[in-house]
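Same order as they appear, the protein sequences are chains A and B. Using our numbering, read the first sequence as starting at 1 and increasing by one per residue. Using our numbering, read the second sequence as starting at 155 and increasing by one per residue. Taking it in order: structure first as structure tokens, then the write-up.
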Amino acid sequence: MVKRLSDMPEVEANHLRRIECPTYEDTPALAGKPLRERRVALISTAGLHKRGDRPFRPGDGSYRVIPAETPARDLVMSHISVNFDRTGFQQDHNVAFPIDRLRELVAEGVVGSMASVHYSFMGAFPPAAAEPHAQHLAGLLKQDGVDAALLVPV
Amino acid sequence: MGALGHFLERQGIATTGISLVREHTETIRPPRALWVTFELGRPLGIPDDPGFQRRVLRAAAELLDRTDGPLIADYPENVAEATDFTGWACPINLAPASVDTLAAEIDRLATWHDQAVARTGRTTIGVSGLDMPAAGALLSSALQGDLPMAQALKEAVDDLRAYYLESASAFPDPGSPAMRKAWLWDETRFGKALLDLQPKLAASADPQHKILANLTLIPATERHRLAKT
């Protein structure tokens, strides 16, 4: 079980310590509708995309579009990092991109609805490279009626 | 990951997310995060366990009702440790032999890969656009000193890595994912090829080759093997 970095194998912990994390002024958490009325989009940073879409490259801060109806067999992962497990995703895409689980939460009435389109970035992006794409993405999410995003790392 | 929380929330989209590395999230301070203790690459915890995954996702989603961010909530469930290697042996002979080649190894795995695809209904191969013999040929020619563009090589290698690990998941006694990864590095021509390729890429004048050599070819956990080759 992974806990804090101090509990991890040294080589993995050192790799993670070397990753520079950006800092920001605190962003106020927006108030909104109750969850059962929200329309939610999944936003992964696993470098996912449909087979045939442009693979991610080093420094790439852009996103790829994953329509909600995308069959699991069409999903591939081109994250540049080799320092995370991919066998879980190979076995079951939902362990990294829980689209079927979100669909179930909507069916149960826990979540209001799910976006018609979901998205993936590739998490090794320099934040400054991703910011303009994220700002543009916010407008697209609003056009889809989305009022909440569920961010899933890898 | 957490940076996206700032970017989107500032544009009027409420965000919540999963955190795999608490220290990173404590620095970035996104509006809302659910910290989980799962392995990197498995943010929902356990493959093929919809109930477990649904509980994690629901816990993350329910944080949207809170406005007291930046907040990090601790997810209470853990995933049991993987079992160790005891008793597991590679069920087919893929040990390097003097007459063997990477191409032959790739060919030999094809039937296992077919089994894996038949079982899961999918493959995650398909980033490079190459079939596996062609991806292997690209790697072989790189080893001969004919280095292709770094991106093409990276995509071919990632597809091959998926091919090997998906194939091994269909072995009669597939062991755990950790065992299959150890098999890839300990026992396959492919693993040896990557270790042999690393110094050639590191010595290239092309900075993209150097990035591949130093960061994105060999996992941090396997780099100790480089000194031995």
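Glycine is no exception: its CB is placed at the ideal position from the N, C-alpha and C atoms. Please read all numbers here as calculations on a predicted model, not as lab measurements.
Sequence-distant Cβ neighbours of residue 173/B in its own chain, meaning closer than 6 Å and more than five residues away, are 179, 187, 189.
Distance from the CA of residue 185/B to the CA of residue 17/A, rounded to the nearest whole angstrom, comes to 22 Å.
Residue contact with chain B for residue 60/A: absent (no Cβ-Cβ distance below 8 Å to any residue of chain B). Judged by DSSP in its simplified three-state form, residue 79/A adopts coil rather than helix or strand. Burial is judged here by how many other beta carbons sit within 10 angstroms of a residue's own beta carbon; residue 201/B has at least 16 and is buried. In this structure, residue 122/A sits near residue 79/A, with a CB-CB distance shorter than 8 Å.
Cβ proximity to chain B below 9 Å picks out 71, 72, 73, 74, 75, 76, 77, 78, 79, 80, 81, 82, 83, 84, 85, 86 from the region 59-86 of chain A.
Taking a contact as a CB-CB distance under 8 Å, the pair residue 156/B and residue 182/B counts as one, their CB atoms being some 3 Å apart. When C-alpha distances from residue 59/A are compared across 30/A, 43/A, 34/A, 125/A, the shortest belongs to 125/A. In the DSSP assignment, residue 53/A falls outside any alpha helix (DSSP H), carrying neither H nor E. Distance from the CA atom of residue 151/A to the CA atom of residue 44/A, rounded to whole angstroms, is 6 Å.
When C-beta atoms of the region 62-76 of chain A are compared with those of the region 274-290 of chain B, three or more pairs fall below 8 Å, so the two segments count as touching.
In the structure shown, the three-state DSSP call for residue 87/A is helix. Among the residues facing chain A, residue 218/B is included, as its CB has a counterpart in that chain under 8 Å away.
Between the C-alpha atoms of residue 273/B and residue 226/B there is a straight-line separation of about 38 Å. In this model, residue 355/B and residue 35/A are separated by some 50 Å (Cα to Cα). For residue 66/A, there is no enclosing alpha helix (DSSP H); the enclosing beta strand (DSSP E) has its first and last residue at 64-67. The region 160-170 of chain B makes no contact with the region 85-105 of chain A: fewer than 3 CB pairs, one atom from each, lie closer than 8 Å. In the three-state scheme derived from DSSP, where H, G and I count as helix and E and B as strand, residue 365/B is classed as helix.
Judged by their CB atoms, residue 259/B and residue 343/B are nearer to each other than the 8 Å cut-off.
Taking each of 146/A, 77/A, 30/A in turn and checking the Cα distance to residue 54/A, the smallest one comes out for 77/A. Approximately 21 Å separates the beta-carbon atoms of residue 95/A and residue 269/B; this is outside 8 Å, ruling out the contact. Taking 8 Å as the upper bound on Cβ-Cβ separation, chain A lies near residues 274, 275, 276, 277, 278, 279, 280, 281 of the region 267-281 of chain B. The beta carbon of residue 215/B lies closer than 8 Å to those of 170 in the same chain, with the five residues before and after it left out. Counted as a single uninterrupted DSSP element, the beta strand (DSSP E) harbouring residue 228/B occupies residues 225-228.
For a Cβ distance threshold of 9 Å, residue set 155, 171, 172, 197, 198, 211, 214 of chain B lies close to residue 152/A, ordered along the chain. Straight-line spacing of the CA atoms in residue 362/B and residue 112/A works out to 45 Å. Residues of chain A with a Cβ closer than 9 Å to the Cβ of residue 323/B are, in chain order, 87, 90, 91.
From the beta-carbon of residue 223/B, the residues of chain A found nearer than 7 Å are 29. Residue environment: residue 299/B is assigned as exposed (fewer than 16 neighbouring CB atoms within 10 Å of its CB, all protein chains considered).
Ranking 295/B, 318/B, 287/B, 233/B by CA distance to the CA of residue 351/B puts 295/B first. For residue 120/A, the three-state secondary structure derived from DSSP is strand. Distances from the alpha-carbon of residue 89/A to those of 357/B, 195/B, 234/B put 195/B closest.
In terms of Cα proximity to residue 100/A, the closest of 69/A, 129/A, 137/A is 69/A. The beta carbon of residue 62/A sits closer than 7 Å to the beta carbons of 133 from its chain, once the five residues preceding and following it are set aside; these are given in chain order. Only residues of its own chain outside the window of five on either side were considered, and among them 278, 279 have a CB closer than 6 Å to the CB of residue 316/B, listed in chain order.
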